[in-house]
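Anchor point for the sequence shown: position 225 equals 225 in the UniProt record's numbering, and the numbering is continuous, going up by one each time.
Each residue gets a CB set at the ideal place from its N, CA and C atoms; glycine is no exception.
These notes concern the structure reproduced below.
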Amino acid sequence: MANTHGLLPRLQGQVTSFLNIGDASPRYTSFPAHHGVPASQLLIHDSGVISLSSKNVRFTSRCGIQRWNKLMSDARCMSFTNTSSQLHVVGSPTTLSVVNMYRGTIVNEISLDEPIVAMKQGKFMAHATESGRVQFLDPRTMEIEHTILAHAGGILSMDIIGNTMATCGYSIRNGALLPDRLIKLYDIRTMRALSPIPFSVGPEHVRFHPKQPSRLLILSKTGAVQICDITSPNYTGVTFIRADMPGMISSMDISSNSDAFAVGDTTNSCAVFSTHETIRYNPYSRQSEYRSMFVDKSTVEIGDDTPLSAVGMPRYTSELLSAWPNSLLINVGRPQPRIPPEVLKNVKMSDFVGYVQDMPLKRNQNLIMSIRASTPTCASPGLSGPKFRSQQQRDRLHRKFKTEGHSAKSSLKSPETNDPSLQESEISEYHWHKIEIKYSKFGVEDFDFEYYNHTVYGGLETHIQNSYCNPLLQILFFNRPLCELVKSHIRTACMKDLCLACELGFLFRMLEDSKGANCQASNFLRAFGATPEACALGLVDAEVSHTDPQSVLTLQYDKLIQTTMRFLLEQLHQELGAKSTKHSQAIDYPPDEYIKTIYGIPLWTLIKCHGNHDHNRDSVPFVIDLHYDHKNLPANFLELLHASINKESSTRAWCDKCQKYQNIKQSRKLTKLPNFLNLNANITNDLESELWRRDTQDGSSCFLLKSFVLRRDADGYLIVDQSGVDVDVDLNSSDVAIYDLKTVVSAIQFENEPTHLVACINVSDDYDAPKWYLFNDFLVQEIFNGEECRFEDWKMPAIIQYIRRTHPDKNEFFLSPVEPDFSILIKHQNINKQKDVCFNYELLTELEIPCISEYICAIDAEFVVMTEAEMEIKSDGSKSIIRPAESGLARVSVIRGIEPRMGVPFIDDYIFISQPVVNYLTEFSGIIASDLDVRTSKLPIVSLKIAYKKLRLLVDIGCIFVGHGLKKDCRTINILIPPHQIIDTVDIYYLKQYSRKLSLRFLVWFFFKEDIHSSSHDSVEDARGALRIYQKYLEAKEQARFDTLLEEIYQEGRKFNFRPPNALTGIANTTQYDMHARTQSSDL
1 MANTHGLLPR
11 LQGQVTSFLN
21 IGDASPRYTS
31 FPAHHGVPAS
41 QLLIHDSGVI
51 SLSSKNVRFT
61 SRCGIQRWNK
71 LMSDARCMSF
81 TNTSSQLHVV
91 GSPTTLSVVN
101 MYRGTIVNEI
111 SLDEPIVAMK
121 QGKFMAHATE
131 SGRVQFLDPR
141 TMEIEHTILA
151 HAGGILSMDI
161 IGNTMATCGY
171 SIRNGALLPD
181 RLIKLYDIRT
191 MRALSPIPFS
201 VGPEHVRFHP
211 KQPSRLLILS
221 KTGAVQICDI
231 TSPNYTGVTF
241 IRADMPGMIS
251 SMDISSNSDA
261 FAVGDTTNSC
271 AVFSTHETIR
281 YNPYSRQSEY
291 RSMFVDKSTV
301 EIGDDTPLSA
311 VGMPRYTSEL
321 LSAWPNSLLI
331 NVGRPQPRIP
341 PEVLKNVKMS
351 DFVGYVQDMP
361 LKRNQNLIMS
371 IRASTPTCAS
381 PGLSGPKFRS
391 QQQRDRLHRK
401 FKTEGHSAKS
411 SLKSPETNDP
421 SLQESEISEY
431 HWHKIEIKYS
441 KFGVEDFDFE
451 YYNHTVYGGL
461 ETHIQNSYCN
471 PLLQILFFNR
481 PLCELVKSHI
491 RTACMKDLCL
501 ACELGFLFRM
511 LEDSKGANCQ
521 ASNFLRAFGA
531 TPEACALGLV
541 DAEVSHTDPQ
551 SVLTLQYDKL
561 IQTTMRFLLE
571 QLHQELGAKS
581 TKHSQAIDYP
591 PDEYIKTIYG
601 IPLWTLIKCH
611 GNHDHNRDSV
621 PFVIDLHYDH
631 KNLPANFLEL
641 LHASINKESS
651 TRAWCDKCQK
661 YQNIKQSRKL
671 TKLPNFLNLN
681 ANITNDLESE
691 LWRRDTQDGS
701 SCFLLKSFVL
711 RRDADGYLIV
721 DQSGVDVDVD
731 LNSSDVAIYD
741 LKTVVSAIQF
751 ENEPTHLVAC
761 INVSDDYDAP
771 KWYLFNDFLV
781 QEIFNGEECR
791 FEDWKMPAII
801 QYIRRTHPDK
811 NEFFLSPVEP
821 DFSILIKHQN
831 INKQKDVCFN
841 YELLTELEIP
851 CISEYICAID
861 AEFVVMTEAE
871 MEIKSDGSKS
881 IIRPAESGLA
891 RVSVIRGIEP
901 RMGVPFIDDY
911 IFISQPVVNY
921 LTEFSGIIAS
931 DLDVRTSKLP
941 IVSLKIAYKK
951 LRLLVDIGCI
961 FVGHGLKKDC
971 RTINILIPPH
981 QIIDTVDIYY
991 LKQYSRKLSL
1001 RFLVWFFFKE
1011 DIHSSSHDSV
1021 EDARGALRIY
1031 QKYLEAKEQA
1041 RFDTLLEEIY
1051 QEGRKFNFRP
1061 PNALTGIANT
1071 TQYDMHARTQ
1081 SSDL
């Protein structure tokens, strides 16, 4: 039963539904779904009804309008799957078709070992075969996991609920095929048979009770009904019913709310049986849809008492005069609650005061008191987020209808407002808040990132696991020696899969090319999260539910980022060696210790026991933790830094020379001038926080200094100079150096907001003219001078970095250029376990490599879904995206774009994915699970890093990429291609006045009359299609007729709804079927 309608398939293929109105059941809809062929099965979907015959399967809306129709050669049965968008149909005895529910297209075909007569959906996909076996298949891979022989002569009916399966069928007795008088029961957890249920009449149909899974309804062809409890001993709980019908029983089903069951017979009769006088077929009925009726509206007479709401309002796009501005509105607060009448009845007055005894009153606990939200009387400009790009485009279209005398002002206000009434502190505080990405139905591409960044420096997106590292990645990017080092490293033949140095180099190249566009560090953060050492140290940011705000507020990201800084530099020190790059040896370190050269802080430590036994050791840490002496707090930052570098401590420990526990004193000294000085603020309590908030004694400067001097003392050790910065310091001296503040990472904690991290970075190499910028994830803003050193209750430092002031001509850090490793493009890099791998592409030759600069190539990629989107369903039924689905690269193809080998692919790699895949999107990507299995796949599979490295190399050497919709592909791949290296055909064939972009499938059909997506998607075919239509664009441009051609394309597209005619077969059949339905509806 479908909602409030009953559905009945007629023998001639007519499907009829009936309204459930009391005792009467008038006809609701009737349509010929299958001409001249009986309908054998019905399935009820939320959007309509699916009917099956031996010739076709049809999806029809509840009011009888065809959505799609798919022809079949010999259809047997159908079933829903665990994926809501797919339907399984046995279209022929040897083929199982996977049909897209929304488009009606076959996205996959699976070969069958033997014909199937029935299917059921459950934990497994259960297939009943003609030989009487039941096959249990994995719903993801569609491979047979278990097989049960249920009935030797074949299966008539089966049903599954929970972990129990019931079947009825035929058995062979005395050489004849007779109905089996036993109902077989199976526990599908153990695949064992349970005690069978005897049914002497001969069962034809079995169905489990939807609400009471232990009850089974058995029906014979003659109308005998038996309801038994399968949990009772020997099935003693049995109820017998007689379904008297004119003919033999042909079909049976139970309503979804289990209030009734219906049977149909061979005489086209249907009977409904129920124990209720008023029958409801399902618990959540939907309002029936009816044809629109044109009613002559009577004239409305307007009098003195007629409300204004009785007058219809015209459609308007401008603001009405009745929309009062907020400045004229006054918040009067919540109205006083009314005193209940039963209380007023018992009031006793004394003078002007009323008294009443406390009375227990019944209140509706489900009602919530409506409280008006308090709105600020004056909101700061820019506090409300930007509109989505799609909304901005709609606003621009609306403004076209306004008169030329009115100037349309943009509703979008930038945070960089020039309002003189706005104080600097207000502008500054706004930029420190945590900014969240908002998602529309068009995804993250609809979010206006430019609203938060008007600079030439790229920001990093959030909503990625471990995105707390964004400020750390930004400060490492602006450490020029490290940036050049990892950029040189990605040009080498590094084959390590989880190499953080490679991922860091890829990210830095993307930030260089961004020119203010937002970037995402998803590849680096994914590799960082998969590193075993990072997991062991607890550096992987756990996914925190948005429904538990307290768990977000308690995360200590300041401690986490300090540990991550130390771990990341140690990891880079291990990964970057002498075999990868060349380095100048201006500093006395081995040639493979590049990170020590850049970030090493040489310390000499003396360990002395009470018995005057001592020994010393040298160490080179990359980070120093600031140490606070609570008994004697430092007066200024220089004292704190001096005490932290020249740290002295005492502890009781075992002395090997004294052979007993002694008081051990440790003291350390700085022996060489470091190039970078990384400091962890290490704030643990309010006393230490107060130290950073206070100014110096004269109040002229902040606690944190912008510059200081390290000078060698009389003993040969380096100490912090207390006298300040000398202007006559020799910048090349090894005895004295000036250090300037480079970056500050701060932890921001506003009231009732989660903690987040921001970075203040001096992007200028000129120490006389610093330029400080705030990097708050994807918000990048130039800040006022000195703002980086000021700290408040909501802002505390986590990491502080100083850089040694060196001579401008001194470039000891920078590496000699490293030639790119082209072997990755001329050799196979697959990781398949199979030896007979099928390579459907031809690698570049060594002769093609020198000519590859500004080489035109076409590219396309396919993706799979790693995590589903998080949706929030509001009370009005609308949905909003909290976090979008995460996609992963599954296949990438690049083909040659110039003669003589135009159209021949030189990259066609499938990507190995170690994480679980939620949805392979086979109907859109053409990818199935076995394609990405390195153990069994015969397709070339490479690691994600190798695939990315190939594309990065092509971008760096200047290749020009042709594709259709490259913007979204590049975002998912996480690579940024400069605009001058992209030719996107979706933008070439686009007219803004039509507000519709054309699909690659339609454009290929228009030019070449080919349907490229008729069976499945292929990235090589799509890349070749984009290249072919680009060639058509060049031809039209050369002939000066491209504008005319574009108009012709849109005119042709409107005729076919911008789809190839072959894809409209179902729509064409819709008109034919619907006309037939209207002409024959009266015959029923």
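Item to check | From Leu156, Ala1026, Thr266 and Lys123, residue whose alpha carbon lies closest to that of glutamate 130 | outcome: Nearest option by C-alpha distance: Leu156.
Checklist entry - Could you give the distance in angstroms between the alpha-carbon of serine 649 and the alpha-carbon of leucine 633? => result Between serine 649 and leucine 633, the C-alpha separation is close to 16 Å.
Next on the checklist: Quick check for students: name the residue ranges of the beta strand (DSSP E) that lie wholly in the stretch 798-868, counting only runs of 3 or more.
Outcome noted: Within the stretch 798-868, the complete beta strand (DSSP E) runs of at least 3 residues are 856-867.
Checklist entry - Where do the ends of the beta strand (DSSP E) carrying histidine 573 lie? => result Not the beta strand (DSSP E): histidine 573 falls in the alpha helix (DSSP H), residues 557-575.
Checklist entry - Mapping DSSP to helix, strand and coil, what is isoleucine 783? => result The answer is coil: DSSP assigns isoleucine 783 none of H, G, I, E or B.
Item to check | Assigned exposure category for glutamine 520 - 16 Cβ within 10 Å defines buried | outcome: With 16 or more other Cβ atoms within 10 Å, it is buried.
Next on the checklist: In the DSSP assignment, the alpha helix (DSSP H) including serine 943 goes from what residue to what residue?
Outcome noted: Taken as a continuous stretch (DSSP letters only), serine 943 belongs to no alpha helix (DSSP H), as it is neither H nor E.
Checklist entry - Based on Cα-Cα distance, which residue from Gln287, Ser488 and His151 lies nearest to leucine 177? => result Comparing Cα positions, the closest option is His151.
Next on the checklist: Going by DSSP, what residue range makes up the beta strand (DSSP E) through arginine 58?
Outcome noted: Looking at the DSSP string, the run of the beta strand (DSSP E) that includes arginine 58 is 56-60.
Next on the checklist: Using a Cβ-Cβ cutoff of less than 8 Å, which residues in the same chain neighbour leucine 537 once the five nearest sequence positions on both sides are dropped?
Outcome noted: Within the same chain, leucine 537 has close Cβ partners Thr563 and Phe567.
Item to check | Whether proline 621 touches isoleucine 601 by CB criterion (8 Å) | outcome: Closer than 8 Å, so yes.
Item to check | CA nearest to the CA of glutamate 751, picked from Lys795, Pro770, Phe778 and Pro1060 | outcome: Selection Lys795, Pro770, Phe778 and Pro1060 evaluated against glutamate 751 yields Lys795 as nearest (Cα-Cα).
Item to check | Residue(s) in a DSSP beta bridge with leucine 137 | outcome: The partner list for leucine 137 (beta bridge, DSSP) reads Met125 and Ile144.
Checklist entry - Do cysteine 857 and valine 904 have their CB atoms nearer than 8 Å? => result No, they are not a contact pair.
Checklist entry - Hey, threonine 671 and leucine 774 are a contact pair by Cβ (cut 8 Å); roughly how many whole angstroms apart? => result Cβ-Cβ separation between threonine 671 and leucine 774: approximately 36 Å, too far for a contact (criterion under 8 Å).
Checklist entry - Which of the three DSSP states, helix, strand or coil, is assigned to methionine 245? => result Coil.
Checklist entry - Going by the CB atoms, is the gap between aspartate 777 and isoleucine 435 shorter than 8 Å? => result Their beta carbons are under 8 Å apart, which means isoleucine 435 touches aspartate 777 by this criterion.
Checklist entry - Relative to the alpha-carbon of alanine 737, which residue among Phe784, Tyr1033 and Leu718 has its alpha-carbon at the smallest distance? => result The option with the nearest alpha carbon to alanine 737 is Leu718.
Item to check | Candidates Arg480, Glu145, Ile464 and Leu19, of which the one nearest serine 764 by Cα | outcome: Comparing Cα positions, the closest option is Arg480.
Checklist entry - Which value, in whole angstroms, describes the spacing of the CA atoms of phenylalanine 506 and leucine 889? => result Looking at the backbone, the Cα of phenylalanine 506 and that of leucine 889 are separated by about 16 Å.
Item to check | Buried/exposed call for alanine 408, threshold 16 Cβ in 10 Å | outcome: Per-residue confidence for alanine 408 stands at a pLDDT of 33, beneath the threshold of 50, marking its modelled position as unreliable; the derived number appears in the next sentence. Classification of alanine 408: exposed, given that the 10 Å Cβ count is below 16.
Checklist entry - Straight-line CA distance for serine 411 to proline 325? => result Its pLDDT being 35, under 50, serine 411 is placed unreliably by the model, and nothing is read from it.
Checklist entry - Could you give the distance in angstroms between the alpha-carbon of glycine 699 and the alpha-carbon of glutamate 788? => result For glycine 699, the pLDDT reaches just 45, beneath the cut-off of 50, and the residue's location in the model is therefore unreliable, although a value from the coordinates is still provided. Whole-angstrom Cα-Cα distance: 17 Å.
Checklist entry - Between which two residues does the beta strand (DSSP E) harbouring residue 1125 extend? => result Not covered by the structure: residue 1125. The range shown for the chain is 1 to 1084.
Checklist entry - Looking at C-alpha atoms only, which residue of Asp541, Pro770 and Ile50 is the closest neighbour of glutamine 14? => result Closest option to glutamine 14, Cα to Cα, is Ile50.
Item to check | serine 274 to isoleucine 197 span [Cα, whole Å] | outcome: Each residue's Cα considered, the two are about 24 Å apart.
Checklist entry - alanine 176 lies in the beta strand (DSSP E); which residues open and close that run? => result Per DSSP, alanine 176 belongs to the beta strand (DSSP E) from 176-179.
Checklist entry - CA-CA distance, arginine 1024 and asparagine 100? => result Straight across, the Cα-Cα distance linking arginine 1024 with asparagine 100 is about 26 Å.
Checklist entry - Sorted by chain position, which residues of the same chain lie with C-beta nearer than 7 Å to glycine 223's C-beta, five sequence neighbours on each side aside? => result Answer for glycine 223: Arg242, Ala243, Asp244, Met245 and Ile249, listed in chain order.
Checklist entry - Rounded to the nearest angstrom, how far is the Cβ of methionine 871 from that of isoleucine 881, given a contact under 8 Å? => result Between isoleucine 881 and methionine 871 the Cβ distance is about 6 Å, and since that is below 8 Å, they are a contact.
Item to check | Residue span of the beta strand (DSSP E) that contains serine 644, given as start and end | outcome: For serine 644, there is no enclosing beta strand (DSSP E); the enclosing alpha helix (DSSP H) covers residues 637-645.
Checklist entry - Excluding the five sequence neighbours on either side, which residues of its own chain have a C-beta within less than 7 Å of the C-beta of isoleucine 977, listed in chain order? => result Close CB contacts of isoleucine 977 within its chain, under the 7 Å cut and outside five residues either way in sequence, are with Val955, Phe961 and Cys970 (chain order).
Next on the checklist: If contacts are defined as beta-carbon pairs under 8 Å, then alanine 75 and valine 57 qualify, I think. What distance do you get, rounded to the angstrom?
Outcome noted: Taking C-beta atoms under 8 Å as the contact rule, alanine 75 and valine 57 qualify, at a distance of about 6 Å.
Next on the checklist: Let me check one thing: in DSSP terms, what residues is serine 746 bridge-paired to?
Outcome noted: Per DSSP, the beta bridge partners of serine 746 are Val758 and Pro797.
Checklist entry - For aspartate 187, which residues from the same chain have a beta carbon less than 7 Å from its beta carbon, with the 5 sequence-adjacent residues on both sides left out? => result Listed in chain order, the non-local C-beta contacts of aspartate 187 below 7 Å within the same chain comprise Asn163, Thr164 and Leu194, local neighbours out to five positions each way being set aside.
Checklist entry - Just how far apart, CA to CA, sit phenylalanine 528 and asparagine 680? => result So the two alpha carbons sit approximately 21 Å from each other.
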